[in-house]
Amino acid sequence: MRGGSGKIRLFIGLAIVAFAVLKYCSSAETNHYTGETQYVDLTTDQEIAMGLSAAPSMIQEYGGLHPDQNAQAQLDRVGNKLVNSSIGKNTEYQYDFHLLADDRTINAFALPGGQCFITAALYSQLENEDQLAGVMGHEIGHVIARHSAERMSQQGLAQGVITGVSVGTDGGGEAAASIAQMLTMKYGRDDELQSDDLGVKMMIDAGYDPYEMIGVMEILKNAAGPNRAPEFQSTHPDPENRVERIKEAIRKYGK
2 MRGGSGKIRL
12 FIGLAIVAFA
22 VLKYCSSAET
32 NHYTGETQYV
42 DLTTDQEIAM
52 GLSAAPSMIQ
62 EYGGLHPDQN
72 AQAQLDRVGN
82 KLVNSSIGKN
92 TEYQYDFHLL
102 ADDRTINAFA
112 LPGGQCFITA
122 ALYSQLENED
132 QLAGVMGHEI
142 GHVIARHSAE
152 RMSQQGLAQG
162 VITGVSVGTD
172 GGGEAAASIA
182 QMLTMKYGRD
192 DELQSDDLGV
202 KMMIDAGYDP
212 YEMIGVMEIL
222 KNAAGPNRAP
232 EFQSTHPDPE
242 NRVERIKEAI
252 RKYGK
């Protein structure tokens, strides 16, 4: 009886894994702006709605919006210039740029659908408007490349595999979880590098100096300090490695 029960569990586990893989593969589509084949379940409208819904809680988490209206006006001007001078103009996304009040956390990020954020801590470290364009170009790149939606699909696949292995084997869930975590980390690093590439292209198209993005990498490197985790343990590439890829992108786009 125990052997038969094990076979049934194994069959159910394999079925769960197969369904997760089939669902993931059936979501394949071509990103019209990057030319890349992606696996995404969300529509553009769903991405926009998701970002708009999540924005207020993100703003609250970082202490609200910064009261400096001049700084916010600069952020809006730079962000809109990047969008309107690049492939971003042809997308259906609703771009909004938020300067967060948090003056301790050096960070910038984007939600699905066009909601882009930068903390006062990072904004205050930037030396010029071109560096601000570098940060925002990178975040707009995440939106255009649909990285958040893509990661959600990847995590759904990973969760399906973990569930299937856990059901079908004894003690296999932990190993499957470790593999899934490494996969999603790798995707994260690739996303960051692709956003750097798109950011460089947008900076050049908008008339900003793309070499200033290298200065942004120096700021991030200094902010991380000497005790940074090894690159393979982080979803973000090491800033030093990003610099080399940024230089490649500058050469590629002819600046």
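Going left to right, the sequence shown walks through residues 2 to 256 as our numbering numbers them. Glycine is no exception: its CB is placed at the ideal position from the N, C-alpha and C atoms. Since the model is a prediction, treat every value here as computed from it, not as a measurement.
Cutting at 6 Å between CB atoms, please list the residues of its own chain near Leu43, excluding the five before and the five after it. Same-chain partners within the cutoff: Ala150.
Rounded to whole angstroms, what's the CA-CA distance from Tyr254 to Asp69? Just pull it up for me. Going by the C-alpha atoms only, they are around 35 Å apart.
Give a yes or no on contact between the stretch 59-74 and the stretch 190-198, applying the rule of three or more CB pairs nearer than 8 Å. Counting C-beta pairs closer than 8 Å gives fewer than three between the stretch 59-74 and the stretch 190-198, which falls short of the contact rule.
Does Asp46 pass the burial test, meaning 16 or more other C-beta atoms within 10 Å, or should it be called exposed? exposed
Report back the beta-carbon spacing between Asn32 and Arg147 to the nearest angstrom; my notes put them in contact at under 8 Å. 6 Å
For Ala55, which residues from the same chain have a beta carbon less than 6 Å from its beta carbon, with the 5 sequence-adjacent residues on both sides left out? Leu112
Quick one: residues in its chain with C-beta nearer than 8 Å to the C-beta of Met2, no 5 flanking neighbours on either side, listed in chain order? Only weak support is given to the placement of Met2: the predicted model assigns it a pLDDT of 43, under 50, and the value that follows is read from those uncertain coordinates. Once the five neighbours on either side are set aside, Met2 has no close Cβ partner at all.
With 16 as the cutoff for other CB atoms within 10 Å, does Gly36 come out buried or exposed? It counts as exposed.
Assuming Ala146 is part of the alpha helix (DSSP H), what are its boundary residues? From DSSP, Ala146 is part of no alpha helix (DSSP H); its letter is neither H nor E.
Taking the alpha-carbon of Lys222 as reference, which of Tyr209, Asn108, Cys117 has the nearest alpha-carbon? Asn108
Would you mind listing the alpha helix (DSSP H) stretches within the stretch 20-65 that are 4+ residues and don't spill past its ends, in chain order? 45-62
So is Gln132 buried or exposed if we call it buried at 16+ other beta carbons inside 10 Å? Per the 10 Å Cβ criterion, buried.
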